[in-house]
Amino acid sequence: MVTVKMLKPYYIKADEQHIRIVLAYQSFAVLINNKVYQFIPVESKQIRMNRRTGRVENIDAKFAFQNGKNVIYMSMAELISTPGFLMHLHTIAQPYLKDAPTVGVQTIDT
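Just so we're aligned, residue 14 is where the sequence shown starts under the working numbering, counting upward by one.
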C-alpha cells in the first residue's frame, strides 16, 4: 500500500489560470510497503492545478521516488488515488484557489 508521508512544496507559483506546486529533491515522500521513498526530480517536477476548479491538470505527469538504489515511478493518476494525497494538495493550494469550495474531494475526469 502507498501512502503520503510528506508533501512540502519547494515553491508555489500562481498565475491567472493555474497554480504550479513545484517540488524539489526530498520535498515529497511516500511510504511504500513500510519503506520511505523520497521524491527525486528526474521526471516531472511540478503539480499543475486549475485555479478556478481546483482540479489537477497534469494527470499524465510521472514522478520518481527513491529509496537507496531503488527508484519507483508513479503517475499523477496513481498519486491521486493514494490516501491523503488530495488532502495534502488541497491544503497547500487552498490560499491560491479562486471560487473553489474549501471542503470536498476532487474528482478527476479521465
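Glycine included, each C-beta is placed from N, C-alpha and C at the ideal position.
- Residue state for Gln59 is assigned as strand, using DSSP reduced to three classes.
- Looking at the DSSP output, Ile25 sits in a beta bridge with Ile34.
- Selection Thr66, Asn71, Leu92 evaluated against Phe78 yields Leu92 as nearest (Cα-Cα).
- By the C-beta density criterion, Tyr24 is exposed, having fewer than 16 other C-beta atoms within 10 angstroms.
- In terms of Cβ geometry, Val35 and Phe98 do not form a close pair [threshold 8 Å].
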